[in-house]
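J.: Numbering (the numbering used here), first residue to last: 77 to 806.
Backbone N, C-alpha and C fix where the C-beta goes; we use that ideal spot for every residue, glycine too.
#1: Give the single residue among 169, 549 and 501 whose Cα lies nearest to the Cα of residue 278.
#2: Can you tell me which of the three DSSP states residue 681 falls into?
#3: Using only CA atoms, which one of 730, 789 and 773 lies nearest to residue 314?
#4: For residue 605 and residue 239, I'd like the C-alpha separation in whole angstroms.
#5: For residue 698 and residue 708, I'd like the C-alpha separation in whole angstroms.
#6: Report, in whole angstroms, the separation of the C-beta atoms of residue 155 and residue 180, which I expect to be a contact under 8 Å.
#7: I need the DSSP call for residue 403, collapsed to helix, strand or coil.
#8: For residue 777 and residue 219, what's the separation of their Cα atoms in angstroms?
#9: Please list, in chain order, all residues of the same chain as residue 161 whose beta carbon is under 6 Å from its beta carbon, the five residues on each side excluded.
#10: Below 8 Å CB to CB, which residues in the same chain sit around residue 263 once its five sequence neighbours on both sides are set aside?
#11: Between which two residues does the beta strand (DSSP E) harbouring residue 536 extend?
#12: For the alpha helix (DSSP H) that residue 769 lies in, which residues bound it at each end?
#13: Is the region 481-490 close to the region 590-597, with three or more CB pairs under 8 Å?
#14: CA-CA distance, residue 367 and residue 746?
#15: Could you name the residues that DSSP lists as bridge partners for residue 671?
#16: Taking residue 606 as part of the beta strand (DSSP E), name the residues at either end of that continuous run.
#17: Specify, as a first and last residue, the run of the alpha helix (DSSP H) that residue 491 falls within.
#18: Name the DSSP beta bridge partners of residue 397, please?
#19: Exposed or buried, which one is residue 24 when buried takes at least 16 other CB atoms within 10 Å?
#20: Tell me the DSSP secondary structure of residue 786 in three-state form.
#21: Quick check on the burial criterion: 16 or more other C-beta atoms within 10 angstroms. Buried or exposed for residue 355?
#22: Determine whether the beta carbon atoms of residue 541 and residue 584 lie at a separation below 8 Å.
#23: How long is the line joining the alpha carbons of residue 487 and residue 430, rounded to whole angstroms?
#24: In terms of residue numbering, what span does the beta strand (DSSP E) encompassing residue 502 cover?
#25: List, from N- to C-terminal side, the beta strand (DSSP E) runs of 3 residues or more that fit wholly inside the region 342-381.
#26: By the three-class DSSP mapping on this structure, what secondary structure does residue 689 have?
#27: For the region 706-721 and the region 736-745, state whether three or more C-beta atom pairs, one from each stretch, are separated by less than 8 Å.
#28: Taking residue 640 as the reference, give the member of 521, 251 and 627 with the closest Cα.
#29: Could you tell me the alpha carbon to alpha carbon distance between residue 142 and residue 172, rounded to whole angstroms?
#30: Need the endpoints of the alpha helix (DSSP H) that residue 211 sits in, please.
#31: Does residue 733 come out as helix, strand or coil in the three-state DSSP assignment?
#32: Which stretch, first to last residue, makes up the alpha helix (DSSP H) that contains residue 170?
#33: Determine, using beta carbons only, whether residue 548 and residue 562 come nearer to each other than 8 Å.
#34: Three or more beta-carbon pairs under 8 Å between the region 778-791 and the region 645-663, yes or no?
#35: Please state if the CB of residue 490 and the CB of residue 320 are separated by a distance shorter than 8 Å.
#36: With H, G and I counted as helix, E and B as strand and the rest as coil, what does DSSP make of residue 792?
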């Protein structure tokens with residue numbers, strides 16, 4: 077943990093956050109409905125292939141197409157999954173280009189190009205400069221073309237509402253009228269960008285561009301895909317990972333009215349019943365009466381995983397980060413403090429269950445899916461079919477909830493395996509039970525922190541050991557450091573708002589048996605912040621210090637952290653009395669390039685009931701694109717995080733996940749949500765930080781610290797309402 081800058085954080089946020097190099101042609105279909113008269117692109121009937129329209133004379137870069145009829149198409153590199161990225165990305169280009177954001181058509185990624193990974197709260201951070209440069213370059217070329225037509229200096233022209241204007245003469249020309257001439261000009265290498273003082277879109281509230289089509293049903297999600305001749309399949313995988321089918325009643329399933337086929341994967345671990353509609357497929361699956369050989373993982377329990385994690389608190393470990401001699405200082409210190417934290421496996425449970433549609437033919441393969449990383453969908457389809465990547469077309473759909481789940485692609489693999497066995501397009505839909513029990517889970521972790529303290533109770537050295545999986549080792553092995561460390565774990569642990577004289581971070585890798593682990597909303601930041609902010613709060617309590625004052629003393633040299641802390645405390649009325657029975661907790665963070673301080677005011681009528689009366693948050697995420705979007709993401713992220721922090725844990729018995737649907741995987745109800753959430757967006761001229769996972773990362777430490785104040789003992793284990801938090805309480 078050391079003094080840092082946003083650039084140092086960016087170095088820690090690599091791996092899945094970097095752009096994947098596109099090998100072969102990745103073809104992504106239109107996500108928004110194609111309006112009448114559209115000239116920018118057309119869909120070749122029956123193939124889903126996108127072909128350039130001859131009426132598109134101006135395409136200065138990979139992001140912008142302007143047709144002669146003034147149809148403006150913006151091609152976006154990231155996928156919309158509820159976070160509002162389409163609106164903010166369009167605002168960035170529209171600001172520089174001089175167009176009304178509502179006047180454009182939107183597509184996902186250019187045909188034959190490549191698409192960035194959508195995840196890790198990186199979309200705005202990575203596109204802040206490229207998308208503005210794309211708009212500015214196009215604007216400069218259009219202005220030059222118009223100025224040449226009029227015989228005037230380009231500097232005397234401006235753009236607005238999709239037209240070039242010459243104020244001195246009052247002349248105006250639509251972009252489409254000069255597009256052909258603009259296309260003949262060289263593309264500026266370093267186009268001049270607007271000064272922030274001249275922004276008309278960036279930094280101002282803007283309605284989401286996809287609201288109407290989501291309300292009227294025109295937006296198409298994976299579940300909405302309809303392809304001529306398509307059949308529907310639903311699947312069942314062995315409930316114990318590694319198990320296989322022992323027996324099934326295929327004839328009984330085929331006897332169900334509407335059932336067309338019973339398919340099995342090559343490794344015999346998953347079965348698909350195909351029918352004319354979903355409910356027939358479900359009935360057929362039940363009629364199969366599947367019996368399984370569970371295999372070697374049938375004895376694994378949750379306790380098996382936790383025992384292994386706790387064993388890793390001692391013995392060998394990787395030294396992932398070090399500053400000065402923290403162990404030496406701790407060993408010689410007269411005052412030390414130690415705490416151990418535990419976090420559970422978590423499911424993603426997106427509102428839209430896993431689904432995918434595929435049509436495998438001898439000459440090509442089409443895949444329709446909501447995916448956060450379309451290259452992997454393409455590549456797995458190519459591997460299974462034996463076709464070259466250029467013959468794979470991925471139609472990327474709106475995503476009804478990702479949270480990291482759709483960074484995975486095994487459901488695409490599964491769908492293509494089944495579709496390869498039938499002559500027609502096949503859509504598979506996982507039941508909610510399949511979605512939860514066969515998820516790829518947020519890992520369980522155990523952390524141990526030991527601090528040496530001075531006479532005022534402040535940290536002079538800190539030693540931190542993390543025990544758990546390295547997700548990147550499976551997901552992107554080259555990104556694992558040479559000594560075996562996953563840099564994602566540094567989020568909110570190495571880089572924090574605080575600075576210590578000495579520090580040592582250790583990592584003991586323990587991969588959980590019998591399950592597959594993956595990233596979950598907030599990735600390392602969510603995991604790390606619960607531990608660090610809980611420990612800081614414990615140290616404040618030990619020192620007899622006010623939790624805000626204790627943090628204030630630690631961030632005096634970090635003005636952005638100090639500013640959000642002071643604003644949140646002031647707005648929450650931190651120093652004012654509360655009604656009887658209420659308590660407050662605070663959390664301060666730097667993650668995903670953004671600073672936030674948050675304060676929760678809660679009540680606990682009983683040990684297993686938490687009423688969240690109010691949450692106050694002050695966030696500095698650098699230059700804001702759309703303030704409404706920032707506020708919405710903080711509100712939604714907090715509620716998503718509170719739900720998991722209070723209630724959620726995936727448990728295993730005899731190798732099987734015990735939670736199956738929302739009756740056993742609890743989601744926060746409306747009456748349990750905070751009565752009030754106030755979000756203040758701080759003005760900033762810094763480059764944008766991420767925001768989609770900031771609220772989620774704050775939720776667990778914020779509640780844990782408030783609950784500790786309410787009940788008088790520490791909450792070091794998630795979920796917070798677990799009975800384990802009351803065992804041996806202080």
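T.: For this structure:
#1: For the set 169, 549 and 501, the Cα lying nearest the Cα of residue 278 is the one of 169.
#2: Strand at residue 681.
#3: Per the C-alpha coordinates, the member of 730, 789 and 773 positioned closest to residue 314 is 730.
#4: Residue 605 and residue 239: Cα-Cα distance of roughly 48 Å.
#5: Approximately 17 Å between the Cα atoms of the pair.
#6: Wrong, their Cβ atoms sit about 17 Å apart, outside the cutoff.
#7: Correct three-state label for residue 403: helix.
#8: Approximately 52 Å, taken between the alpha carbons.
#9: Taken in chain order, the residues that qualify are 154 and 199.
#10: Excluding positions up to five away in sequence, the list reads 136, 137, 213 and 217.
#11: Run containing residue 536: 535-544, per the beta strand (DSSP E) assignment.
#12: Neither: residue 769 is in no alpha helix (DSSP H) and is coded neither H nor E.
#13: Three or more beta-carbon pairs separated by less than 8 Å link the region 481-490 to the region 590-597, which places the two stretches in contact.
#14: C-alpha of residue 367 to C-alpha of residue 746: approximately 40 Å in a straight line.
#15: BP columns for residue 671 point to 666 and 696.
#16: Annotation: residue 606 is outside any beta strand (DSSP E); the continuous alpha helix (DSSP H) that includes it extends over 599-618.
#17: 486-495 is the span of the alpha helix (DSSP H), which, as asked, contains residue 491.
#18: According to DSSP, which records beta bridges pairwise, residue 397 is partnered with 581.
#19: The first residue shown for the chain is 77 and the last is 806, placing residue 24 beyond what the model contains.
#20: The answer is helix: DSSP assigns residue 786 an H, G or I state.
#21: Classification of residue 355: exposed, given that the 10 Å Cβ count is below 16.
#22: Result yes, Cβ atoms of residue 541 and residue 584 sit closer than 8 Å.
#23: Going by the C-alpha atoms only, they are around 7 Å apart.
#24: 502-505 is the extent of the beta strand (DSSP E) around residue 502.
#25: Entirely contained in the region 342-381, the beta strand (DSSP E) runs reaching 3 residues are, in chain order, 346-351 and 367-369.
#26: Here residue 689 sits in strand by DSSP.
#27: Touching, per the Cβ criterion.
#28: Ranking the options by Cα distance to residue 640, first place goes to 627.
#29: Cα to Cα, the separation comes out at about 15 Å.
#30: That run of the alpha helix (DSSP H) goes 199-226.
#31: Correct three-state label for residue 733: strand.
#32: If you look at residue 170, you'll find it in the alpha helix (DSSP H) that goes 161-173.
#33: The answer is yes: Cβ separation under 8 Å.
#34: When C-beta atoms of the region 778-791 are compared with those of the region 645-663, three or more pairs fall below 8 Å, so the two segments count as touching.
#35: No; because the gap between Cβ atoms is not below 8 Å, this pair is not in contact.
#36: In the structure shown, residue 792 falls within a coil segment according to DSSP collapsed to helix, strand and coil.
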